[in-house]
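Student:
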Amino acid sequence: MSSDEFLTITDSVGEGFYSEKRSKFLAFAHHVTTVEEVKQVVAEYRAKYYDARHVCYAYMLGPSREEFRANDDGEPSSTAGKPILGQINSHQLTDILIVVVRYYGGVNLGTGGLIVAYREAAADAIAHCKIVSRMVEETITFDFSYVMMNDVMRIVKELSPRIVSQTFDNTCSITMAIRKSEAENLKNRLQKLSFGQ
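Residues in the sequence shown are numbered consecutively from 1398, following the numbering used here.
What follows is the structure, encoded as structure tokens:
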């Protein structure tokens, strides 16, 4: 996979399940892109499964996979959030949140048992997701005079960036999103046009 691609899941929720010694682990994998979304989804599960002992989760955000967090929600340290995050990492996923809801079955599983349970529940949720490859895009806004329209549009046609917005007036403006590895080329070609005017 190239440096300007990343793996994530589609918007449909992947559900997983694991049970051990009457403890039940319900896992849910969501596509998310912001910490606000993470908080909202976790709050919804806390409300829905208010009678559960623990609502643990882990998430990974951003194409470069730099923003992440694991939460044990009262389970012994690193026995819940970390194994969930481990599954996200082993699949190299990002823009994903996995929530695992635990109903306690009356028998302690010990740290090893908990790690296995949270890991397996998270893995099962991922197994029920559709994993997709996405491109890392860079957004470029270019302002130009109306007389340059044909030249600008020729470059747009050749490099086919995704048009985010455009305004054509006395001064024209176009905002495009293009694969990160091709952004420099697009900028250079547009700049040459400016110098030509």
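Think of the CB as a built atom: it goes at the ideal place given N, C-alpha and C, for glycine as much as any other residue.
Note that the structure is a prediction, hence the values are computed from the model and not measured.
Check for me: the alpha helix (DSSP H) holding residue 1483 runs from which residue to which?
Tutor: Where residue 1483 is concerned, the enclosing alpha helix (DSSP H) stretches over 1478-1487.
Student: Should residue 1583 and residue 1548 be called a contact, given that it needs their Cβ atoms to be closer than 8 Å?
Tutor: Against a cut-off of 8 Å, the Cβ pair of residue 1548 and residue 1583 comes out as no contact.
Student: Whose C-alpha, out of 1550, 1497, 1432, 1451, is nearest the C-alpha of residue 1464?
Tutor: The option with the nearest alpha carbon to residue 1464 is 1432.
Student: In whole angstroms, give me the CA-to-CA distance for residue 1436 and residue 1452.
Tutor: Roughly 12 Å separates the two Cα atoms.
Student: Which residue's Cα is closest to the Cα of residue 1459: 1429, 1446, 1408?
Tutor: Of the candidates 1429, 1446, 1408, the one whose C-alpha sits nearest the C-alpha of residue 1459 is 1429.
Student: In chain order, which continuous runs of the beta strand (DSSP E) of length 3 or greater are located wholly inside the stretch 1409-1436?
Tutor: The qualifying runs are 1411-1417, 1420-1428.
Student: Who pairs with residue 1516 in a beta bridge, going by DSSP?
Tutor: Partner(s): none; residue 1516 has no beta bridge.
Student: To the nearest angstrom, report how far apart residue 1511 and residue 1480 are at their CA atoms.
Tutor: Cα-Cα distance, rounded: 9 Å.
Student: What residue does the alpha helix (DSSP H) around residue 1546 start on, and which one ends it?
Tutor: From DSSP, the alpha helix (DSSP H) with residue 1546 extends over 1546-1556.
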